[in-house]
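The next block holds one structure in the form of structure tokens; read it before the comments.
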Amino acid sequence: IQCHGPSVERGPRLMSLDCETVVVAGNTRCLARVTLVQVTWPDRPDSIPSPASAQHKLILDEFVRPPSAVLDYGISGVTPGDLQGATLTCSTAACRRVASCIAATDYLVGHGIHHDFNYLSLHHKRVIDTACLFRYARLRRSLSLGDIYTRLF
Numbered sequence: 001i002q003c004h005g006p007s008v009e010r011g012p013r014l015m016s017l018d019c020e021t022v023v024v025a026g027n028t029r030c031l032a033r034v035t036l037v038q039v040t041w042p043d044r045p046d047s048i049p050s051p052a053s054a055q056h057k058l059i060l061d062e063f064v065r066p067p068s069a070v071l072d073y074g075i076s077g078v079t080p081g082d083l084q085g086a087t088l089t090c091s092t093a094a095c096r097r098v099a100s101c102i103a104a105t106d107y108l109v110g111h112g113i114h115h116d117f118n119y120l121s122l123h124h125k126r127v128i129d130t131a132c133l134f135r136y137a138r139l140r141r142s143l144s145l146g147d148i149y150t151r152l153f
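In this text, residue positions in the sequence shown follow the UniProt record's numbering: the first is 1, and each later residue adds one.
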């Protein structure tokens, strides 16, 4: 599904996307939560924006009811109670909800965001993946989001 969100009359936005998954029958991972946050900085053309001055606006935070019983919640932060109140019943519905919030001109930021796109079956051209931005040649793996935060801040 392609993004078809709000009018592009305004400039592009910076949006952070994150998905959480759980393990269900057949040892299959499925989408359990999708979160979309818009990141802005106060208009200060005379300075370079810093992470500390960023403002965050929650655009979407939805739980997705799994197709079968959850075997493992892992480190997702999702609880059984969260999923009982889930309003979305499949990843396709979650994808449509996300796509309706994002314009083709917006930038999506995430850590290993290709995984989120896979779970949502979503395609977007303007992507910033922090897992790719912060690679070190000597490491055999990309840095975790926690590693990046510790090194930068």
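Virtual Cβ for every residue (Gly too), placed ideally from N, Cα, C.
Exercise. Between T18 and the rest of its own chain, which residues show a CB-CB distance below 7 Å, the 5 nearest in sequence each way excluded?
Worked result: According to the sequence shown, residue 18 is Asp rather than Thr. Cβ neighbours of D18 beyond the five flanking positions: T35, G110 and D116.
Problem set entry | Cutoff 6 Å; reference T40; Cβ partners in own chain excluding five residues on either side | Excluding residues up to 5 positions away in sequence, Q55 lie with their Cβ nearer than 6 Å to the Cβ of T40 in the same chain.
Exercise. Quick one: complete beta strand (DSSP E) runs, 3+ long, within the region 6 to 39?
Worked result: List check, beta strand (DSSP E) in window: 14 to 24.
For this session: Measure the alpha-carbon distance for I1 versus D72 and round it to whole angstroms.
Result: With a pLDDT of 49 at I1, under the threshold of 50, the predicted position of this residue should be treated as unreliable, though the coordinate-derived value follows. Taking the straight line from one Cα to the other gives about 28 Å.
Problem set entry | Cβ-Cβ distance between L64 and A94 below 7 Å | Correcting the residue identity first, residue 64 is Val in this sequence and not Leu. At the C-beta level, V64 and A94 come within 7 Å of one another.
Problem set entry | Selected residue, minimal CA-CA separation from D61, among V98, Q84 and D106 | Closest option to D61, Cα to Cα, is V98.
Exercise. Are the beta-carbon atoms of V78 and E20 separated by less than 7 Å?
Worked result: Cβ atoms of V78 and E20: closer than 7 Å.
Exercise. According to DSSP, is H115 helix, strand or coil?
Worked result: In the structure shown, H115 sits in a helix (DSSP, three-state: H, G or I).
Exercise. How long is the line joining the alpha carbons of S68 and N118, rounded to whole angstroms?
Worked result: Those two C-alpha atoms are separated by around 19 Å.
For this session: In the DSSP assignment, find the alpha helix (DSSP H) that holds V98 and state where it starts and stops.
Result: Where V98 is concerned, the enclosing alpha helix (DSSP H) starts and stops at S91 to C101.
For this session: Could you please give the first and the last residue of the uninterrupted beta strand (DSSP E) stretch that includes D129?
Result: It spans V127 to D129 - the beta strand (DSSP E) in which D129 sits, taken as one unbroken run.
Problem set entry | Straight-line Cα distance separating P42 from T28 | Distance from the CA of T28 to the CA of P42, rounded to the nearest whole angstrom, comes to 43 Å.
Exercise. Which of the three DSSP states, helix, strand or coil, is assigned to Q2?
Worked result: Because the pLDDT of Q2 is 49, which lies under 50, any placement of that residue in the model is unreliable, and the number read from its coordinates should be weighed accordingly. Reduced to three states, the DSSP call for Q2 is strand.
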